[in-house]
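Engineer: Those letters in the first sequence? Residues 728 to 1014, per our numbering, in order. Backbone N, C-alpha and C define an ideal beta-carbon position, used for all residues, glycine too. Here the structure is a predicted model, which is why all the values come from computation and not from measurement. Pasting a structure below so you can have a look.
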Amino acid sequence: MPELPEVEVVKQSLKKYILNKKLLRIIVKNKKLRFPVPQNISQRLSYLRAVKVKRVSKYIVIKFANHFFLIIHLGMTGTLHLIRKKNKLMNSNLSFYQSKTLPKKHNHIFFYFGNFSIVFNDPRRFGFIKLINGEKNLYKYFRKLGPDPFKKEFNFKYVKNYLFKKVKNIKNILIDQKFLSGIGNIYASEILNYSKINPLKPSGKITNDEIIQIIFFTKKVLKRSIKIGGTTINNFHSIKGKTGSYQKEFRAYDREKKRCKNKFCPGTILKINISNRSTYMCNICQK
DNA sequence: CCGTTAACCTGAGAGC
DNA sequence: TGCTCTCAGGTTAACG
């Protein structure tokens, strides 16, 4: 599921509910996620306040009062849900990947906070949670990640230097978390369509103007998506709660054979395969 | 060190 | 209907 905008929206929503709230306990229904859920996680975190909730790359990081950090990664299909005790209603506004029923069998972890709880649901179980002790280890855990697209480290000099030393197509660079953290398969296609760059173009041949375009549209696309709640695929309507709507603004992704939306461009969107992942591009304006 | 491939999972949708 | 096949927003261990 989730690339930077989706994780950011989930984080903002989660933060509203749990910041400075005391976690009572954690019930693990299924510890077989991408990595096994830590054994003693409930003992470690029970009766502690969540003092910070932030996003690092595609991870959600919750700092607890004892300097333990809980890391949540949603993988492809992970979602968080709010359950209020009284009416037991599933509120979907922490969720992006929606099946029509949201099978309970994929509710793997329950975080109980007094009069509500947060559930981690993940059909494919590519997501995981991890516990990290202290700021130093947190830093260590994330040290291989490239800069966040909204930080000033993501600038012309950095990009130019990185592209120059790699021999790789630009699409694969964009989704490489070591280069830049947060972009995945959807937004890579979107950014390159806005920037009018062929996803297969070797990084070393990207011009200075194109670098400026990439930086500009990366921020623009991600910001816009966050603003309208991210991208939701497999929507459903029966349960209250917000879903994202960036999928309505897709220009390339999932638009095979449709017209390119760039101004005055008569092109058509092609679906091509790059490293076994679908990539969408205009056959005319993306050079 | 590098880059590429396979693997980890379930479910939706297409085609027959 | 129901079967089989392909594909899906991510990461990383294993390999050459």
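What does a CB cutoff of less than 7 Å around residue 742 pick up in its chain, not counting 5 residues either side in sequence?
Structural biologist: What you label residue 742 is simply residue 15 of the first sequence in a count that begins at 1. The residues are 780.
Engineer: What is the DSSP secondary structure of residue 952, counted as helix, strand or coil?
Structural biologist: Residue 952 sits at position 225 when you count from the first residue of the first sequence. Note: residue 952 maps to helix in three-state DSSP.
Engineer: Alpha carbon to alpha carbon, what distance is there between residue 908 and residue 837?
Structural biologist: Here residue 837 corresponds to residue number 110 of the first sequence, with the count starting at 1. Here residue 908 corresponds to residue number 181 of the first sequence, with the count starting at 1. When rounded, the distance between both Cα atoms is 28 Å.
Engineer: From the DSSP output, read off the bridge partner residues of residue 848.
Structural biologist: The residue you call residue 848 lines up with position 121 of the first sequence. Answer is 806, 834.
Engineer: Whole angstroms is fine: what's the gap from residue 929's alpha carbon to residue 744's?
Structural biologist: Here residue 929 corresponds to residue number 202 of the first sequence, with the count starting at 1. Here residue 744 corresponds to residue number 17 of the first sequence, with the count starting at 1. Near 45 Å, if we compare the C-alpha coordinates of residue 744 and residue 929.
Engineer: So, for residue 960: in the same chain, excluding its five sequence neighbours on each side, which residues have a beta-carbon less than 6 Å away from its beta-carbon?
Structural biologist: Position 233 of the first sequence holds residue 960. So the list is empty, once near-sequence residues are dropped.
Engineer: Which residues mark the beginning and the end of the beta strand (DSSP E) in which residue 797 is found?
Structural biologist: Position 70 of the first sequence, counted from the start, is the residue given in the question as residue 797. Residues 795-800.
Engineer: Taking the CB atoms as reference points, tell me whether residue 770 and residue 920 lie closer together than 8 Å.
Structural biologist: Locating residue 770 in the first sequence gives position 43, where the first residue counts as 1. Locating residue 920 in the first sequence gives position 193, where the first residue counts as 1. Not closer than 8 Å, so no.
Engineer: Quick one: what's got a C-beta closer than 7 Å to residue 880's C-beta in the same chain, skipping five residues either side?
Structural biologist: For this step, residue 880 is matched to residue 153 along the first sequence. Closer than 7 Å at the Cβ level, and outside the excluded window around residue 880, lie 874.
Engineer: Measure the alpha-carbon distance for residue 790 versus residue 738 and round it to whole angstroms.
Structural biologist: Sequence index remark: in the first sequence, residue 790 carries index 63 (1-based). Sequence index remark: in the first sequence, residue 738 carries index 11 (1-based). In a straight line, the C-alpha of residue 790 is about 13 Å away from that of residue 738.
Engineer: Restricting to runs no shorter than 3 residues, where is the beta strand (DSSP E) found entirely within the region 768-794?
Structural biologist: DSSP runs (the beta strand (DSSP E)) wholly in the region 768-794: 775-783, 786-791.
Engineer: In angstroms with no decimal places, state the Cα-to-Cα distance between residue 864 and residue 854.
Structural biologist: Along the first sequence, one-based indexing puts residue 864 at 137. Along the first sequence, one-based indexing puts residue 854 at 127. So the two alpha carbons sit approximately 20 Å from each other.
Engineer: Of the residues 876, 980, 989, 950, which one's Cα is nearest the Cα of residue 942?
Structural biologist: Position 215 of the first sequence holds residue 942. Ranking the options by Cα distance to residue 942, first place goes to 876.
Engineer: Locate the beta strand (DSSP E) running through residue 883, then write down its first and last residues.
Structural biologist: Start at 1 with the first residue of the first sequence, and residue 883 comes out as number 156. No beta strand (DSSP E) holds residue 883; the alpha helix (DSSP H) holding it covers 883-892.
Engineer: Measuring only the C-alpha atoms, how far is residue 955 from residue 763?
Structural biologist: Your numbering for residue 955 matches position 228 in the first sequence. Your numbering for residue 763 matches position 36 in the first sequence. Whole-angstrom Cα-Cα distance: 34 Å.
Engineer: Looking only at its chain, what residues have a beta carbon closer than 6 Å to the beta carbon of residue 898, apart from the 5 residues adjacent to it on each side?
Structural biologist: As a position in the first sequence, residue 898 is number 171, starting the count at 1. The residues are 915, 926, 1001, 1006.
Engineer: Who are the near neighbours of residue 761 in its chain, counting only those whose CB is closer than 8 Å to its CB and skipping five residues on each side?
Structural biologist: Along the first sequence, read from residue 1 onward, the residue named residue 761 stands at position 34. Answer for residue 761: 800, 802, 852, 853, 854, 855, listed in chain order.
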